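Here is the structure we will look at.
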Amino acid sequence: MAVRDRWTTLRDMPILTRAPARVRRVCLLIDQLGRGGTEKQLVLLAAGLRDEGVDVTVLVLFEGGPRERELHDRGVRVVRLGLRRIGGAPWTAAANGWALGRLVALLRRELPDVLHCFLTRGYLLGVPAGRLAGVPVVVSGRRSVAPPGGRVLKAAVRGANRLTDLVIANAYAVANRAAHAESLTLGKLAVVYNGLPASAFDPVPPLPLDARAPVLACVANLRPEKGHRDLLAAASRTGCVVALAGEGPERAALQCEAGRLGVDARFLGAVADVRPLLARADAVVLPSLVEGLSNAVMEAMAAGRPVIATAVGGTPELLGGEPRRGLLVPPKAPDALAQAITEVLGGAHPGLGETARNWAKSTLGIDQLVAEHIRLYGEQLERLCAE
887 MAVRDRWTTL
897 RDMPILTRAP
907 ARVRRVCLLI
917 DQLGRGGTEK
927 QLVLLAAGLR
937 DEGVDVTVLV
947 LFEGGPRERE
957 LHDRGVRVVR
967 LGLRRIGGAP
977 WTAAANGWAL
987 GRLVALLRRE
997 LPDVLHCFLT
1007 RGYLLGVPAG
1017 RLAGVPVVVS
1027 GRRSVAPPGG
1037 RVLKAAVRGA
1047 NRLTDLVIAN
1057 AYAVANRAAH
1067 AESLTLGKLA
1077 VVYNGLPASA
1087 FDPVPPLPLD
1097 ARAPVLACVA
1107 NLRPEKGHRD
1117 LLAAASRTGC
1127 VVALAGEGPE
1137 RAALQCEAGR
1147 LGVDARFLGA
1157 VADVRPLLAR
1167 ADAVVLPSLV
1177 EGLSNAVMEA
1187 MAAGRPVIAT
1197 AVGGTPELLG
1207 GEPRRGLLVP
1217 PKAPDALAQA
1227 ITEVLGGAHP
1237 GLGETARNWA
1247 KSTLGIDQLV
1257 AEHIRLYGEQ
1267 LERLCAE
């Protein structure tokens, strides 16, 4: 049976949420605490585990970031390990060796039941450290369909996989990619969708954005893989106002492109709370060339906005189904994107946003995210007890 078919069968099975073993202490490890989607999910998971009585510590390899304050506000302890970026002073390597030694010593002192490592640098450094420290269960995460690049990195990832008890992906598309690209067996993979806090579903006043034309919102870092150029090309065919929430290296180039195409594009910069923008938008568009499981799409669904997105990564898992919860178009296809925008704004798909909101509320809640992680952690602890 093909890998894809086996995952489809697994996806259709009922999910049980009872943990077979008590999970008392968990360490979550990540490289930094910026405003990315992975960092947001780590905050939600850490706070949710703490609310369930689990002792949680977040370990940060490099610098902190804006999410660190959110963790402190929710009563979650954060420890910065002090690693430095490669290419700095001559003593950087020695300092990093000391920091990794500190990580091993800290894990031995904390004695967590589970070490869960996020993002590539997190699991490349955290997994062997967890094994050296004798942590019973070491877990890593996969959140993108983009494979690790380069032979050395691929070999390092596969080496870390051999030391890992479980790899948790945030979408079936991501799990399939990991199975193929990293030679992971299906028995070592699990899928847990990203979660949404209850506040994502709360009504909020719309952003006071002055616009006579319909407003298309796009929440994404201004990077090439997010496909903003395709959105601007599509918007030039529809006459819409485009509101872009996010920052990144593409900003100046996108501003020039919007001017060349005559698109009214509002660059809002990094936005801590996107709910007012979503409330103001007539539709939400995500034209990414590659995705894992998009937090931006999930938040738009929770807000009840009609979503138009490219059929990449886990996005079809969010917007597909019957009745469909959004419109999917191919990546790098501005004509198809413009047609979908025209259909939605013209009323050709009534109830799209409400259908998406109802599904998100029943499937993507924070309770499901936390319960599934506790169940999977507990299963791994139970397996160790049985050996």
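Everything in the sequence shown is counted per the working numbering, starting at 887 for the first residue and increasing by one. Think of the CB as a built atom: it goes at the ideal place given N, C-alpha and C, for glycine as much as any other residue. Remember, predicted model here, so these are calculated numbers, not experimental data.
Checklist line | 7 Å Cβ shell around residue 1069 - same chain, five flanking residues per side excluded | finding: Sequence index remark: in the sequence shown, residue 1069 carries index 183 (1-based). 1044, listed in sequence order.
Note to self: Quick check on DSSP: helix, strand or coil for residue 1026?
What the structure shows: Translated into the one-based positions of the sequence shown, residue 1026 becomes position 140. In the structure shown, residue 1026 sits in a strand (DSSP, three-state: E or B).
Notebook entry, point to check: Is there contact here, the region 1164 to 1173 with the region 950 to 959, by at least three beta-carbon pairs under 8 Å?
Noted result: Touching, no, given that fewer than three Cβ pairs across the two stretches are closer than 8 Å.
Item checked: Three-state secondary structure (DSSP) of residue 1142 -> What you label residue 1142 is simply residue 256 of the sequence shown in a count that begins at 1. DSSP, read as helix, strand or coil, puts residue 1142 in helix.
Next item on the list: Decide if residue 1028 is buried, meaning its Cβ has at least 16 other Cβ atoms within 10 Å, or exposed.
Entry: Within the sequence shown, the letter at position 142 stands for residue 1028. Looking at its Cβ environment, which holds 16 or more other Cβ atoms inside 10 Å, residue 1028 is buried.
Check: On the three-state DSSP scale, how would you describe residue 976?
Finding: Reading the sequence shown from its first residue, position 90 is the one you call residue 976. Model confidence at residue 976 stands at a pLDDT of 42, short of 50, so the residue's coordinates are unreliable and nothing is read from them.
Notebook entry, point to check: Which class does residue 913 belong to by DSSP, given the choice of helix, strand or coil?
Noted result: Against the sequence shown, residue 913 aligns to sequence position 27. For residue 913, the three-state secondary structure derived from DSSP is strand.
Check: Ordered along the chain, which non-local residues of its own chain (more than five positions away) have a Cβ less than 6 Å from that of residue 1132?
Finding: Taking the first residue of the sequence shown as position 1, residue 1132 is located at position 246. Answer for residue 1132: 1106, 1107 and 1108, listed in chain order.
Notebook entry, point to check: Counting along the chain, where does the beta strand (DSSP E) carrying residue 1152 start and finish?
Noted result: As a first step, residue 1152 must be located in the sequence shown, where it is residue number 266. Element bounds for residue 1152: 1150 to 1155.
Item checked: Three-state secondary structure (DSSP) of residue 988 -> Translated into the one-based positions of the sequence shown, residue 988 becomes position 102. Under the three-state reduction of DSSP, residue 988 is assigned to helix.
Next item on the list: Taking only the alpha-carbon atoms, compute the straight-line gap between residue 1104 and residue 1005 and give it to the nearest angstrom.
Entry: Taking the first residue of the sequence shown as position 1, residue 1104 is located at position 218. Taking the first residue of the sequence shown as position 1, residue 1005 is located at position 119. Here the alpha carbon of residue 1104 sits roughly 24 Å from the alpha carbon of residue 1005.
Next item on the list: Could you say which of 1177, 1024, 1140 and 1112 lies nearest to residue 1063 if we only look at CA atoms?
Entry: Taking the first residue of the sequence shown as 1, we reach residue 1063 at position 177. Taking only the C-alpha atoms, the option nearest residue 1063 is 1177.
Next item on the list: Could you name each continuous beta strand (DSSP E) segment of 3 residues or more that falls completely within the region 1166 to 1247, going from the start of the chain to the end?
Entry: Complete beta strand (DSSP E) runs here, min 3: 1169 to 1172, 1193 to 1196 and 1213 to 1215.
Next item on the list: With a floor of 3 residues, list each beta strand (DSSP E) that falls wholly inside the region 1069 to 1154, ordered by position along the chain.
Entry: Those beta strand (DSSP E) runs which fall completely within the region 1069 to 1154 and span 3+ residues are 1075 to 1077, 1101 to 1105 and 1127 to 1131.
Checklist line | Simplified DSSP state of residue 960, which is helix, strand or coil | finding: As a position in the sequence shown, residue 960 is number 74, starting the count at 1. Residue 960: coil per DSSP, three-state reduction.
Margin query: Which of the three DSSP states is assigned to residue 1053 in this structure?
Written below: The sequence position of residue 1053 within the sequence shown is 167, counting from 1. Strand, per DSSP.
Next item on the list: Write down the C-beta distance between residue 1093 and residue 1172 rounded to the nearest angstrom, noting that I regard them as a contact closer than 8 Å.
Entry: Start at 1 with the first residue of the sequence shown, and residue 1093 comes out as number 207. Start at 1 with the first residue of the sequence shown, and residue 1172 comes out as number 286. About 18 Å separates the two Cβ atoms, so there is no contact after all.
Margin query: I'd like the list of long-range same chain contacts for residue 1263, defined as Cβ closer than 6 Å, with 5 residues on each side in sequence excluded.
Written below: Within the sequence shown, residue 1263 is the residue found at index 377, counting from 1. Excluding positions up to five away in sequence, the list reads 909 and 1000.
Next item on the list: State yes or no: is the C-beta of residue 1174 within less than 8 Å of the C-beta of residue 1112?
Entry: Translated into the one-based positions of the sequence shown, residue 1174 becomes position 288. Translated into the one-based positions of the sequence shown, residue 1112 becomes position 226. The Cβ atoms of residue 1174 and residue 1112 lie closer than 8 Å to each other.
Next item on the list: Tell me whether residue 1011 is buried or exposed, calling it buried when 16 or more other Cβ atoms sit within 10 Å of its Cβ.
Entry: Position 125 of the sequence shown, counting from 1, holds the residue named residue 1011. So residue 1011 counts as buried.
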